[in-house]
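Numbering (numbering that gives the first Met the number 0), first residue to last: 0 to 109.
Virtual Cβ for every residue (Gly too), placed ideally from N, Cα, C.
Since the structure is predicted, the reported quantities are computational estimates derived from the model, not experimental observations.
So the structure is just underneath, and the comments pick up after that.
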Amino acid sequence: MNGFRWIARIVGALASVFFLFVIFGQTLDKPEIAPKNLIFLLSIAIVGGFLSWRWERVGASILLIDSIALGFYVYNGGPRDPTTAIMFYGLPFFIPGFLFFICSHQNRTG
């Protein structure tokens, strides 16, 4: 399970860094374009990603719940292709959340 843990860490870190650039790029350049709800949900996912390095179960729970919330938010936001938007915003946080959850479950059972 150590491999899953490192895959989750790398994917989570890459997603967090990428979306930090998205958040800061949109808020500094054109603050009226960046929806506050999206920035809030992305911020929570980023915090969950960093928390999962230390507390896997807590971070995994935050990542899983928030990735689903991001998916609902972008789906209801009305893009032309909501499936692509869900995959772009939700999936990068769902994958590490799921892997961290598997690792934390393995730590408890064996």
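Note that the stretch 8-22 touches the stretch 43-62; at least 3 beta-carbon pairs, one per stretch, sit closer than 8 angstroms. Contact annotation: Ile45 and Ser15 have beta-carbon atoms nearer than 8 angstroms. With a contact defined as Cβ atoms closer than 8 angstroms, Ala68 and Leu98 miss out at about 19 angstroms. Here DSSP, grouped into helix, strand and coil, assigns Pro81 to helix.
Burial check for Pro91: the Cβ neighbour count within 10 Å reaches 16 or more, so the residue is buried. If only uninterrupted alpha helix (DSSP H) runs of at least 4 residues are considered, those enclosed by the stretch 4-67 are 35-50.
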